[in-house]
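There are 2 protein chains.
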Amino acid sequence: MTPYIDDLLVRARAAARPMARSAESERNRALASVADAIESDVDAIVAANARDLESARAENMAASLLDRLALDAFRVGAVARAVREIAALPDALGETRDLGARPNGLRISRRRIPLGVIAVVYEARPNVTVEAASLAIKSGNVVVLRGGREARTTNAALADCVSRGLERAGLPRDAAQLVRELGREHVEALLGAAGRVDLAIPRGGDSLMRMVDEHARVPVVRHGQGITHAYVDATAKRAMAEEIVYNAKVQRPGVCNALETLLIHRDRVEDGTLAAAAARLVRGGVQLRADDRARAVLERDGIVCVPASAADWDTEFLGLVLAVRVVDGLDDALDHIAAHGSHHTATIVTEDPNNAERFLREVDASCVLWNASTRFNDGGELGLGAEMGISTSKMHAYGPMGLRELTAEKFVVHGAGQTRE
Amino acid sequence: MTPYIDDLLVRARAAARPMARSAESERNRALASVADAIESDVDAIVAANARDLESARAENMAASLLDRLALDAFRVGAVARAVREIAALPDALGETRDLGARPNGLRISRRRIPLGVIAVVYEARPNVTVEAASLAIKSGNVVVLRGGREARTTNAALADCVSRGLERAGLPRDAAQLVRELGREHVEALLGAAGRVDLAIPRGGDSLMRMVDEHARVPVVRHGQGITHAYVDATAKRAMAEEIVYNAKVQRPGVCNALETLLIHRDRVEDGTLAAAAARLVRGGVQLRADDRARAVLERDGIVCVPASAADWDTEFLGLVLAVRVVDGLDDALDHIAAHGSHHTATIVTEDPNNAERFLREVDASCVLWNASTRFNDGGELGLGAEMGISTSKMHAYGPMGLRELTAEKFVVHGAGQTRE
């Protein structure tokens, strides 16, 4: 434990009781004030971001990362609108589930409560600072935000708006604190604070996940990598299969729900479906890494591809690369996904409802789809309103974490003097 | 990772897909066969238990622990009956929640699935071997059971019945495996098997929890200690308060939901309620550790007590000892519980519905009660049918873990060719 994080967690814990007690109207008022503050500070936020961008360019940051980091007035406006949308979501804490009366007359119910103190460790995109804080405030939690070094000035400007919003609504400003000392030892202290952090949410790449493996002593819901699959079955409609595979791979290749491996039924190799889909992917700039059976057909048709290596089946490419394998049928596809999937997303394209049902039942992934793009495994697309990340672990949350997943349920018992025999 | 645990987890993973695919009728048939096997092996189980008891006596095990270890024909019959009761519970995997259609026509639902491979590490009572295996089988999970050294022969005899029951129903016998190599390195390997164990449930004392703190790299739901509270409010009915406090402390003092600290409103000191409750507790063999305000009154009335030390407010006595403190009112009681409670159980005795509602809302414990004994924080008493333990962490499960808490929900999406724009 570092003294800096110790102090920050003392403040966080002190804010947890008032946040848990707060009324929905207070939390919504705080979020409205946060949005107001962001809108009135737009120039200061863009100026702060310009300083971060200048440092990042001096350090030769890649163009795609610079784009993730950059905020202009339009993007700042979108951040404020996202806060208002979160405020408008139904209260996650309102719910009480009645479980009925026991034979001894005790009435049992479960009541939804905040988790307490949530630590979010993330990279690059500064809008996560505001989204994570807003979801935490809406759900009555306290949040500690540790953003990336590259966005430090922008994050400070945004966190200042969050603090002001909380204060204006009469809620503790320590309910959302930004970690401003960026040394690695403070991240380790946060992840190791057993009993003081109720949940850590790491959002980032391999090096962050290795740090979590080594140092986490607090409960963690991890947003793991997406080794996602599409299986094109014998009865798939050809045009639909082509559209879904193309969309899943090409529409936004750098995100976790983009497609990484195409499994295709052997009958769809012979009938030209593979070649048509592959030709379109190649025109879209995709490199195909194909197994021998697929390669034989593609090369015969003059479609460029490279041999797949064993490692390709276990790789999240996060770019315009697709592994392609021919399978003998549904069982073969299910075996492949069980061996290589990362429990993230898998889709089947088929007109056979029995095969679809088996796929939806048997694939162990946070989101399984029938005749739809893998890109729909997303909190907004699935109707959660907003998300804190996508969990690939089955504990507590599986798939997108919305407001409900930032809460727990306690047992509430109403008695009339009952004792146990 | 030890080669022994590595092999065992390879077998467990291989059993996970057939278990997840299995029908409710197969799982229930397996449980009926387990119960049959236990009933037909009763003599062998009692004989195995006699060998464990003999070793334990040779090592001078305490009488209370010997009692927890001992199985006679009657207790073995109760173990078999508990298996049949678990088989009769509703299927935790049957449920699909429809979340409706999105504007793009996608239909979203959530389907309940098993967690996968669960490791249970426990001590003393051999019936946990059968209860944990039965709950895991019923919920389509695979379980690895690591019982205590003192029950090793009994556990082996019981695990043999579980394996036979699984085989008779055509389910994989590796769906429930007993760890037979009892070295500490194998427990560490199990707790450290990130990505191979989906959930570890440690049930035991401080030394086990320290091992979990040090070695766990898999998701853990811990059954932590119960520093439980009863608050007797200004308006509590005197006889009810006396009954509830006596029952909570004395009915079974060695368990986690037994009462450890009594908080009593100052008005109930003056009116004789404290003295009456205290006199009865002392007659029941309870040592009272009282703060100065309580002690002044108790000693005046000739009731034996000792001064409470600062450490007493943070101690799970697990025996006939009770800490007693006079508070100035509800806020004082809430502050005390927030500072010293272990998120386990707290009850308020009051006739004031506003104070009751504030207590039920504001106390952060897995089970909060109004006018009832703390001893009701139990899976059976709360209507879950059976429990795998009581979670004191808010992640995944808070309070008793029933069948439902041994499952997760995946997102299932039905489309008609939708792609993302």
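Quick note, the sequences are listed as chains X and A, same order.
Okay, so the first sequence: first residue is 1 according to the working numbering, each after it adds one.
Okay, so the second sequence: first residue is 422 according to the working numbering, each after it adds one.
Every residue gets a Cβ at the ideal spot worked out from N, C-alpha and C, and that includes glycine.
Predicted, not measured: the structure shown is a model, and the values here were computed from it.
| Asked | Found |
| --- | --- |
| Enclosing beta strand (DSSP E) for residue 371 (chain X) [first to last residue] | 367-372 |
| 8 Å Cβ shell around residue 378 (chain X) - same chain, five flanking residues per side excluded | 257, 387, 390, 400 |
| Interface partners of residue 640 (chain A) on chain X, CB under 7 Å | 393, 395 |
| Strand pairing of residue 529 (chain A), partner residues [DSSP] | A:834 |
| Assigned secondary structure, residue 519 (chain A) (DSSP; H/G/I helix, E/B strand, else coil) | strand |
| Residue 457 (chain A) versus residue 580 (chain A) - alpha carbon distance | 13 Å |
| C-beta neighbour in chain A for residue 213 (chain X), strict 9 Å | yes |
| Unbroken alpha helix (DSSP H) run spanning residue 137 (chain X), endpoints | 127-138 |
| Residue 116 (chain X) and residue 144 (chain X) closer than 9 Å at C-beta | no |
| Interface partners of residue 373 (chain X) on chain A, CB under 7 Å | 839, 840, 841 |
| Residues in the segment 671-686 of chain A having any Cβ partner in chain X nearer than 7 Å | 672 |
| Between the CA atoms of residue 398 (chain X) and residue 435 (chain X) - distance to the nearest angstrom | What is shown of chain X runs 1 to 421, which leaves residue 435 (chain X) out entirely. |
| C-beta contact flag for residue 650 (chain A) and residue 817 (chain A) at 9 Å | no |
| Through-space distance from residue 349 (chain X) to residue 100 (chain X), alpha-carbon basis | 43 Å |
| Boundaries of the alpha helix (DSSP H) in which residue 758 (chain A) is found, first to last residue | 751-761 |
| Segment contact, 8 Å Cβ cut-off, at least three pairs: the segment 244-252 of chain X with the segment 266-281 of chain X | yes |
| Chain-ordered residues of the segment 360-372 of chain X with a beta carbon less than 8 Å from chain A | 360, 361, 362, 364, 365, 366, 367, 368, 369, 370, 371, 372 |
| Every unbroken alpha helix (DSSP H) within the segment 633-704 of chain A, with a cutoff of 4 residues, ordered by chain | 659-671, 688-691, 694-704 |
| Same chain only: Cβ atoms within 7 Å of residue 696 (chain A), ignoring 5 sequence neighbours per side | 718, 719, 722, 724 |
| Backbone secondary structure at residue 841 (chain A) - three-state DSSP | coil |
| Residue 376 (chain X) and residue 836 (chain A) closer than 9 Å at C-beta | yes |
| Inter-stretch contact at 8 Å, needing at least 3 Cβ pairs: the segment 16-25 of chain X / the segment 166-176 of chain X | yes |
| Residues, ordered as in the chain, of the segment 658-670 of chain A that lie near chain X by beta-carbon distance below 7 Å | 661, 664, 665, 668 |
| Pair within 9 Å by beta-carbon distance, residue 806 (chain A) and residue 506 (chain A) | yes |
| Among A:710, A:738, A:683, nearest to residue 730 (chain A) - alpha-carbon criterion | A:710 |
| Bridge-paired residues (DSSP) for residue 346 (chain X) | X:229, X:368 |
| Boundaries of the alpha helix (DSSP H) in which residue 202 (chain X) is found, first to last residue | Taken as a continuous stretch (DSSP letters only), residue 202 (chain X) belongs to no alpha helix (DSSP H), being part of the beta strand (DSSP E) at 199-202. |
| Contact list for residue 775 (chain A) against chain X, beta-carbon separation under 7 Å | Neighbours of residue 775 (chain A) on chain X: none; closest Cβ ~14 Å, over 7 Å. |
| First through last residue of the beta strand (DSSP E) which encompasses residue 289 (chain X) | 287-290 |
| Pairwise C-alpha distance: residue 567 (chain A) and residue 550 (chain A) | 8 Å |
| Minimum Cβ-Cβ distance from residue 427 (chain X) to chain A less than 9 Å | No answer is possible for residue 427 (chain X): it lies beyond the span of chain X, which begins at 1 and ends at 421. |
| Coil, strand or helix - residue 153 (chain X) by DSSP | helix |
| Chain A contact for residue 138 (chain X) (CB, 9 Å cutoff) | no |
| Partner residues on chain A for residue 127 (chain X), Cβ-Cβ distance less than 9 Å | Result: empty, since nearest Cβ-Cβ is about 20 Å, beyond 9 Å. |
| Within chain X, partners of residue 829 (chain A) - CB distance below 8 Å | 394, 395, 398 |
| DSSP-derived helix/strand/coil call for residue 534 (chain A) | strand |
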